[in-house]
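K.L.:
Protein chains in written order, with this note's numbering: chain V, 1 to 339; chain Z, 1 to 339.
Pasting a structure below so you can have a look.
There are 2 protein chains.
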Amino acid sequence: MAEKIRIALDAMGGDNGVEVVVAAALDYISKDPSVSLILCGNEEAIKTLLPEKIPDRISIVHATQEVAMDDLPSKALRNKKDSSMRVAINQVKEGHADACVSAGNTGALMATARFVLKMIPGIERPAIITQLPGLINNTWVLDLGANVDCTADHLFQFAVMGSELLNATGERRNPKVGLLNIGQEEIKGNEQVKKANERLSASELNYIGYVEGDDIYLGDVDIVVTDGFIGNVALKSSEGVAKMIRQRLKASFKRGLLSKLAGLIAYPVLKSFAKTIDPRRYNGASLLGLKGIVIKSHGGVDALAFEHAIAVAKTEVQSAVTEHIEEKIALHMKNGKAD
Amino acid sequence: MAEKIRIALDAMGGDNGVEVVVAAALDYISKDPSVSLILCGNEEAIKTLLPEKIPDRISIVHATQEVAMDDLPSKALRNKKDSSMRVAINQVKEGHADACVSAGNTGALMATARFVLKMIPGIERPAIITQLPGLINNTWVLDLGANVDCTADHLFQFAVMGSELLNATGERRNPKVGLLNIGQEEIKGNEQVKKANERLSASELNYIGYVEGDDIYLGDVDIVVTDGFIGNVALKSSEGVAKMIRQRLKASFKRGLLSKLAGLIAYPVLKSFAKTIDPRRYNGASLLGLKGIVIKSHGGVDALAFEHAIAVAKTEVQSAVTEHIEEKIALHMKNGKAD
């Protein structure tokens, strides 16, 4: 029997909590024999959701605390040392798991993972990256909210981490990296962006230059690099507009009998269309830069979406993403900052 | 006969140039008897697009130069003193027009308008504002790209200008103002945003606190204030995702005979849906903070969208937006910065 990929799940995290995580775990292992899952959280609560005979590839590690969605990261770090989130991260630290997944509070997850796992030498800040759908191809964007103010060095490190992620997972060979900017200004961008542009231009990365917000969805670019404030706003605005469009489309097909009839006939087409932009298919953001694989699931998702986050964790373990980033950053450090 | 509202049009600006502007002008005056239009640009080119007997409410002011879409603002300002754009702005300066509209290069328009018309005392930076569709109601966002780095004072001035715009035009009474931020960080936002939050909280504006990117489209907020880099990325990302969705929806209804048939039946519903998110209906961004009304049309639009920008100009003239902002800012200056 081949060795399993072991993934620890924060069973209590997220808006929908333990029900969703346990349902996702059961469904996931029934479909993927290569993975075993460690459910971290309230043992009793977890057990009532599991079949009497617990499946072979599921184990439980008890945790007495939970991080609330509105807990301050510093408070979670200080006062919740036995939270389901921290216990899941500990599994990775102690070598019992190859990766962990949490749908909990992003700030707390970031702070705890950083404290427990530590940063890869040469990376100053962790970054959140996720895949977004595009017209030409999918695009990965980082940072999505881990860092409010970023220096040119941080942006450069994000570009290296993003490139290595895609190289390692085989999603792209030598991915095209773009730096998010705006088109209007005389000499584009702010100081950090201009300096990062210089460093990226001089690097051996496949840097294609400045891109704008619409290029995330329409452009021929694989990785879009920006600071966490801007990345977060871009992501949230996109989610907002997509949700508004979905709801308006639905409403249009409910206005009057004829529209309803048309909707009924168009249903299969609308459904297949909805699938292509289903945010659940893009669930699972990676916290890059840590000495270990940590995946953040969206907080309010269902089991299917959570399973997608587990799949992201598995892919990163299989492709040894952490080791690839470590090697690449070590190389950049050796070559000095002028690479 | 009541006095007409006089609007100067940069007839040569935009990707589609003089054809679109002249077509829009002719159609617009045929529908709205209260407006007269001054077409600024190459007289010969304009005349060949007009009927032999030029309509009463259209006049031409010749300009020998054009600002290219990729001209640097400083170059346009220095070397193109007889551009159609500058001539249109001059019409406002000299009192021949009540407002002007251009689909040209945003940076050049901003720089030229600022140079020719000057700023309202107390406003340090102009800001670009536009209306965006929302699920609950439409939302106005500023700044959309005029300023890369903004101080807390700038953000505060944007909030005052946006509020006065909506108060004056009657779009909202005492509009709800939100400050764009992200949710993840321990102590949210960067320094400027935190300081602006304090000032706004202490002001008499209807300030509702921090909002996130998705609130632009889903939230109960009328005005979203942010710096030009972030605002521009939010706008462009939204445009990108909306365009991607439209194209994917179209493609879904073209995949195979059954889908095409379903599309035919659903056509009226899809068309009425498309109308509700049609970006042309939101064309016409205002450059606020100047001593005069300047409206920026999107560069690549058709005549219908350009007409919408003319309508925005008309509304702002009718509601004396510039005077309202002048008064309000003078009041804030009198009350000191601690208001």
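The beta-carbon is built from N, C-alpha and C at its ideal position, and this holds for glycine as well.
Note that the coordinates shown come from a computational prediction; the quantities given were computed from them, not determined experimentally.
Would you verify that the beta carbon of V177(Z) is, or is not, closer than 8 angstroms to some beta carbon of chain V?
P.N.:
Closer than 8 angstroms: no.
K.L.:
Just to confirm, is the Cβ distance from A113(V) to V294(V) under 8 angstroms?
P.N.:
For A113(V) and V294(V), yes; Cβs fall inside 8 angstroms.
K.L.:
Closer than 8 angstroms by beta-carbon distance: list the chain V residues that pair up with F328(Z), in chain order.
P.N.:
First, the residue type needs correcting, since residue 328(Z) is Lys and not Phe in the sequence shown. Those do not exist, as K328(Z) stays about 26 angstroms from chain V at its closest Cβ, beyond 8 angstroms.
K.L.:
Between which residues of its own chain and A338(V) is the CB-CB distance below 6 angstroms, once the five residues before and five after are set aside?
P.N.:
The pLDDT assigned to A338(V) is 40, lower than 50, so where the model puts this residue is not dependable, and the model offers no usable value.
K.L.:
Keeping to the same chain, check which residues put their C-beta closer than 8 angstroms to that of A77(Z); ignore five residues upstream and five downstream.
P.N.:
Just to set this straight, residue 77(Z) is Leu in the shown sequence, not Ala. Counting only Cβ-Cβ distances below 8 angstroms, and skipping sequence neighbours, we find A108, A111, T112 and F115.
K.L.:
If you draw a straight line from the C-alpha of E3(V) to the C-alpha of D32(V), how long is it?
P.N.:
Straight-line Cα distance between these residues: approximately 13 angstroms.
K.L.:
Does DSSP put D339(Z) in a helix, in a strand, or in coil?
P.N.:
Any answer about D339(Z) is weak, because its pLDDT of 43 lies below 50 and its placement is not dependable; what the coordinates show is given next. Coil.
K.L.:
State the Cα-Cα distance for the pair V221(V) and G256(V), rounded to the nearest angstrom.
P.N.:
Distance between the alpha carbons of V221(V) and G256(V): 42 angstroms.
K.L.:
Looking at the ligand SAH, does it come within less than 7 angstroms of P121(Z), judged from the CB to the closest heavy atom?
P.N.:
Ligands in the displayed structure: none, and consequently the ligand SAH is not present.
K.L.:
Rounded to the nearest angstrom, how far is the Cβ of L117(V) from that of G292(V), given a contact under 8 angstroms?
P.N.:
L117(V) to G292(V), Cβ: 4 angstroms. Contact.
K.L.:
If you follow the beta strand (DSSP E) that H62(Z) is part of, which residue opens it and which one closes it?
P.N.:
Segment I58 to H62, the beta strand (DSSP E) holding H62(Z).
K.L.:
Suppose you measure from the CA of E326(V) to the CA of H154(V); what does that come to, to the nearest Å?
P.N.:
Roughly 15 angstroms between the two C-alpha positions.
K.L.:
Going by C-alpha to C-alpha distance, which of S74(Z), A63(Z), L26(Z) and C40(Z) sits closest to E52(Z)?
P.N.:
It is L26(Z).
K.L.:
Can you say whether G134(V) is buried or exposed, counting buried as having 16 or more other CB atoms within 10 angstroms of its CB?
P.N.:
Classification of G134(V): buried, given that the 10 Å Cβ count is 16 or more.
K.L.:
Per DSSP, what kind of secondary structure is A196(Z) in: helix, strand or coil?
P.N.:
It is helical.
K.L.:
Does the beta carbon of Q131(V) sit closer than 8 angstroms to a beta carbon anywhere in chain Z?
P.N.:
Not closer than 8 angstroms to any Cβ of chain Z, the Cβ of Q131(V) fails to qualify, so no.
K.L.:
Determine which residues of the stretch 130-157 of chain V have a Cβ less than 9 angstroms from any Cβ of chain Z, and write them out in chain order.
P.N.:
If the cut-off is 9 angstroms between Cβ atoms, the stretch 130-157 of chain V has L132, P133, G134, L135, L144, G145, A146, N147, V148 and D149 near chain Z.
K.L.:
Do we get a CB-CB distance below 8 angstroms when we pair Q192(V) with the residues of chain Z?
P.N.:
So, not an interface residue.
K.L.:
Report the neighbours of T112(V) on chain Z: residues whose CB is nearer than 8 angstroms to its CB, in chain order.
P.N.:
The premise fails here: T112(V) is roughly 13 angstroms from chain Z at the closest Cβ pair, so nothing lies under 8 angstroms.
K.L.:
Among H324(V), R125(V), A234(V) and L144(V), which residue has its Cα nearest to the Cα of T151(V)?
P.N.:
Taking only the C-alpha atoms, the option nearest T151(V) is R125(V).
K.L.:
For L9(Z), is the classification buried or exposed, using 16 other Cβ atoms within 10 angstroms of its Cβ as the cut-off for buried?
P.N.:
The residue in question, L9(Z), is buried, as its Cβ has 16 or more Cβ neighbours within 10 Å.
K.L.:
Alpha carbon to alpha carbon, what distance is there between I136(Z) and A305(V)?
P.N.:
If I take the Cα positions, the gap works out to 27 angstroms.
K.L.:
Using the Cα positions of V211(V) and D149(V), report the straight-line distance between them to the nearest angstrom.
P.N.:
So the alpha carbons of these two residues sit roughly 20 angstroms apart.
K.L.:
So with CB distances below 8 angstroms, who are the chain V contacts of K296(Z)?
P.N.:
Within 8 angstroms Cβ-Cβ: nothing; K296(Z) doesn't reach chain V, min ~10 angstroms.
K.L.:
Using a Cβ-Cβ distance cut-off of 8 angstroms, determine whether Y210(Z) contacts chain V.
P.N.:
So, not an interface residue.
K.L.:
Are the C-beta atoms of V301(Z) and some chain V residue less than 8 angstroms apart?
P.N.:
No, no contact with chain V.
K.L.:
Which ranges does the beta strand (DSSP E) cover as unbroken runs of at least 3 residues, wholly within the stretch 115-169 of chain Z, from first to last along the chain?
P.N.:
Runs of the beta strand (DSSP E) inside the stretch 115-169 of chain Z: 127-132 and 139-142.
K.L.:
Suppose you measure from the CA of K334(Z) to the CA of E323(Z); what does that come to, to the nearest Å?
P.N.:
Cα to Cα, the separation comes out at about 16 angstroms.
K.L.:
Given this structure, state the Cα-to-Cα distance separating I49(V) from V61(V), to the nearest angstrom.
P.N.:
Checking the sequence, you will find Leu at residue 49(V) rather than Ile. Cα to Cα, the separation comes out at about 15 angstroms.
K.L.:
Taking only the alpha-carbon atoms, compute the straight-line gap between R199(V) and V177(Z) and give it to the nearest angstrom.
P.N.:
Approximately 39 angstroms, taken between the alpha carbons.
K.L.:
Using a Cβ cut-off of 7 angstroms, pull out every chain Z residue sitting near G189(V), in sequence order please.
P.N.:
The answer, in chain order, is V148.
K.L.:
To the nearest angstrom, how far is the alpha carbon of K296(V) from that of G213(Z)?
P.N.:
Going by the C-alpha atoms only, they are around 19 angstroms apart.
K.L.:
Counting only beta-carbon separations shorter than 8 angstroms, does M244(Z) have a partner in chain V?
P.N.:
It does: the Cβ of M244(Z) has a partner Cβ on chain V nearer than 8 angstroms.
K.L.:
Might you give, ordered along the chain, the residues of its own chain that have their beta carbon closer than 6 angstroms to the beta carbon of E43(V), omitting 5 neighbours on each side?
P.N.:
For E43(V), where only same-chain residues beyond five positions count, the Cβ hits under 6 angstroms are I60 and H62.
K.L.:
Sorted by chain position, which residues of the same chain lie with C-beta nearer than 6 angstroms to K80(V)'s C-beta, five sequence neighbours on each side aside?
P.N.:
Closer than 6 angstroms at Cβ, skipping near neighbours: Q65 and V67.
K.L.:
Which residues, in chain order, does the stretch 195-223 of chain V contribute to contact with chain Z at a C-beta distance below 9 angstroms?
P.N.:
Cβ contacts with chain Z come from E212, G213, D214, D215, I216, Y217, L218 and G219.
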